[in-house]
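Colleague: Right, I'll just put the structure down here and ask away after.
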Amino acid sequence: MSGVGFDEVRRFATLDSTNRYLLDQARQGVPEGVVAVADHQSAGRGRLGRTWESPAGSNLLASVLLRPVLPPAQLHLCTAAVALATADACAAVAGVAPTLKWPNDLLVDERKLAGVLAEVDPGAPGGPAGSVAVVVGVGVNVGWPGPPGAGGTSLLELTGRPVDRDALLDALLGALADRRTGLGTEGGRRRLADEWRDSCGTLGCRVRVELSDGWFEGTAADLDEVGHLVVRTTAGLRAVLAGDVIHLRTEGPGPTTRGQPGSRGSPGPN
Ligand code: BTN
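For the sequence shown, numbering that gives the first Met the number 0 gives the first residue as 0, with consecutive numbering after it.
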């Protein structure tokens, strides 16, 4: 496919949710690549029905509309593309190198710096044949680390200086463009899954996996080719498609490219 530019950035002082806005736009047929960014969200969405809050003007709150032609099992890779691009942007603009916690968090020393939320509308018109509208939103704690006691951190806290949200968004969209192109080919998807595996601080950790109908513990052993977490348990290997993962302690080699030495050894907030 030709490259997606992410050139159309729609800016809002306040929205209920940039994800909700772009999902509505997708249903109206707007093309791939549109970006929504808000200074404040009145009903920001987090994973698993949670809310995502931050004071006006403090954090980066942005969503992108993708329309990839992807088998449903590989839609996880859209989350990975945005998470990896966000990590690149934090490194380039702030000198902070987060690790990725499966499936959607960016952590520094086990504290949450950013979260990614992908929402899909398979019926939204407007893309190429066989495509799916996927809105991927990201909240980066730039100036505000999240509610007290929630275990978050911010770029301000980590660097001791204010970080420009526009520069961060520009870097993120630049880092996303190539990865979006990669989503369109089998080789690109394989490279993306490899990159995700290399950057995933969850691998090697003793983890507790919380599912809608219970929980289990094991050691995070791998990400499979479509990005599902493979956990080694006493009963054998178990693939996790969706769920909440808590890092308990590190048991083996972690990420090979972006690892934060000594950052994954202790229990941390989820
Ligand atoms: C999570 O960690 O639970 C994911 C949080 C995702 C928050 C972002 S902020 C911009 C975009 N719009 C939303 O309503 N949510 C995402």
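Backbone N, C-alpha and C define an ideal beta-carbon position, used for all residues, glycine too.
Classify residue 144 as buried or exposed, calling it buried when 16 or more other Cβ atoms lie within 10 Å of its own Cβ.
Modeller: The residue you call residue 144 lines up with position 145 of the sequence shown. So residue 144 counts as buried.
Colleague: Please look up how many angstroms separate the CB atoms of residue 59 and residue 178, rounded, as I've assumed it's under 8 Å.
Modeller: On the sequence shown, position 60 is the one that residue 59 refers to. On the sequence shown, position 179 is the one that residue 178 refers to. Their Cβ separation, rounded to whole angstroms, is 18 Å, which puts residue 59 and residue 178 out of contact at 8 Å.
Colleague: Please go through the same chain and pick out, in chain order, the residues whose beta-carbon is closer than 6 Å to the beta-carbon of residue 134, but skip the five residues on each side of it.
Modeller: Against the sequence shown, residue 134 aligns to sequence position 135. These residues qualify, in order along the chain: 18, 21, 22, 62, 64 and 118.
Colleague: Taking Cβ positions only, does residue 110 come closer than 7 Å to chain B?
Modeller: Protein chains in the displayed structure number just one, and chain B is not present.
Colleague: Decide if the segment 95–104 is in contact with the segment 23–43; the criterion is three or more beta carbon pairs, one per stretch, under 8 Å apart.
Modeller: Touching, no, given that fewer than three Cβ pairs across the two stretches are closer than 8 Å.
Colleague: Give the single residue among 90, 241, 222 and 40 whose Cα lies nearest to the Cα of residue 57.
Modeller: Reading the sequence shown from its first residue, position 58 is the one you call residue 57. Ranking 90, 241, 222 and 40 by Cα distance to residue 57 puts 40 first.
Colleague: For a quick check, are the C-beta atoms of residue 203 and residue 79 less than 7 Å apart?
Modeller: Here residue 203 refers to the residue found at position 204 when the sequence shown is read from its first residue. Here residue 79 refers to the residue found at position 80 when the sequence shown is read from its first residue. For residue 203 and residue 79, no; Cβs fall outside 7 Å.
Colleague: Can we count residue 51 as close to the ligand BTN, meaning its CB is less than 6 Å from some heavy atom?
Modeller: As a position in the sequence shown, residue 51 is number 52, starting the count at 1. The answer is yes for residue 51.
Colleague: Using the Cα positions of residue 215 and residue 132, report the straight-line distance between them to the nearest angstrom.
Modeller: The sequence position of residue 215 within the sequence shown is 216, counting from 1. The sequence position of residue 132 within the sequence shown is 133, counting from 1. So the two alpha carbons sit approximately 33 Å from each other.
Colleague: In this structure, does DSSP put residue 72 in helix, strand or coil?
Modeller: As a first step, residue 72 must be located in the sequence shown, where it is residue number 73. Reduced to three states, the DSSP call for residue 72 is helix.
Colleague: If the criterion is Cβ atoms closer than 7 Å, does the pair residue 76 and residue 191 meet it?
Modeller: Residue 76 sits at position 77 when you count from the first residue of the sequence shown. Residue 191 sits at position 192 when you count from the first residue of the sequence shown. Yes, they are a contact pair.
Colleague: What first and last residue would you give for the alpha helix (DSSP H) that runs through residue 104?
Modeller: For the purposes of this step, residue 104 is taken as the residue at position 105 of the sequence shown. First-last for residue 104: 104–107, but that is the beta strand (DSSP E), not the alpha helix (DSSP H).
Colleague: Going by the DSSP bridge assignment, what does residue 235 pair with across the sheet?
Modeller: The residue you call residue 235 lines up with position 236 of the sequence shown. BP columns for residue 235 point to 232.
Colleague: Do you know whose CA, among 231, 168, 14 and 31, lies nearest residue 140's CA?
Modeller: Numbered from 1 along the sequence shown, position 141 holds the residue referred to as residue 140. Among 231, 168, 14 and 31, the Cα nearest to that of residue 140 belongs to 168.
Colleague: Pick out the complete beta strand (DSSP E) segments inside the segment 38–68, 3 residues or longer, and give them in chain order.
Modeller: Counting only runs of 3 or more, we get 59–65.
Colleague: So, are the CB atoms of residue 201 and residue 219 less than 7 Å apart?
Modeller: For the purposes of this step, residue 201 is taken as residue 202 along the sequence shown, with counting starting at 1. For the purposes of this step, residue 219 is taken as residue 220 along the sequence shown, with counting starting at 1. For residue 201 and residue 219, yes; Cβs fall inside 7 Å.
Colleague: Around the ligand BTN, what residues have a beta-carbon under 7 Å from a heavy atom of it, in chain order?
Modeller: Going along the chain, the residues that qualify are 16, 17, 18, 19, 40, 43, 44, 45, 46, 49, 51, 60, 61, 62, 103, 104, 114, 115, 116, 136, 137 and 138.
Colleague: Whole angstroms is fine: what's the gap from residue 243's alpha carbon to residue 125's?
Modeller: The residue labelled residue 243 in the question sits at position 244 within the sequence shown. The residue labelled residue 125 in the question sits at position 126 within the sequence shown. Rounded to whole angstroms, residue 243 to residue 125 spans 33 Å at the Cα level.
Colleague: Out of 217, 70 and 246, which one is the CA nearest neighbour of residue 235?
Modeller: Locating residue 235 in the sequence shown gives position 236, where the first residue counts as 1. The shortest Cα separation from residue 235 among 217, 70 and 246 belongs to 217.
Colleague: Tell me the DSSP secondary structure of residue 118 in three-state form.
Modeller: Along the sequence shown, read from residue 1 onward, the residue named residue 118 stands at position 119. If DSSP states are grouped into helix, strand and coil, residue 118 belongs with the strands.
Colleague: Report the three-state DSSP secondary structure of residue 195 (helix, strand or coil).
Modeller: In the sequence shown, the residue the question calls residue 195 occupies position 196. Residue 195: helix per DSSP, three-state reduction.
Colleague: Going straight from the alpha carbon of residue 268 to that of residue 114, what length do you get?
Modeller: Residue 268 sits at position 269 when you count from the first residue of the sequence shown. Residue 114 sits at position 115 when you count from the first residue of the sequence shown. Caution is warranted here: a pLDDT of 28 is assigned to residue 268, below 50, making its placement in the model unreliable, and the coordinate value is therefore given only provisionally. Using only the alpha carbons, I get a separation of about 14 Å.
Colleague: To which residues does DSSP link residue 134 through a beta bridge?
Modeller: Position 135 of the sequence shown, counted from the start, is the residue given in the question as residue 134. Looking at the DSSP assignment, residue 134 forms a beta bridge with 64 and 118.
Colleague: Check for me: the alpha helix (DSSP H) holding residue 25 runs from which residue to which?
Modeller: As a first step, residue 25 is located in the sequence shown; it is residue number 26 there, counting from the start. 17–26 is the span of the alpha helix (DSSP H), which, as asked, contains residue 25.
Colleague: Need the endpoints of the beta strand (DSSP E) that residue 13 sits in, please.
Modeller: For the purposes of this step, residue 13 is identified with residue 14 of the sequence shown, where counting begins at 1. Taken as a continuous stretch (DSSP letters only), the beta strand (DSSP E) holding residue 13 covers 8–14.
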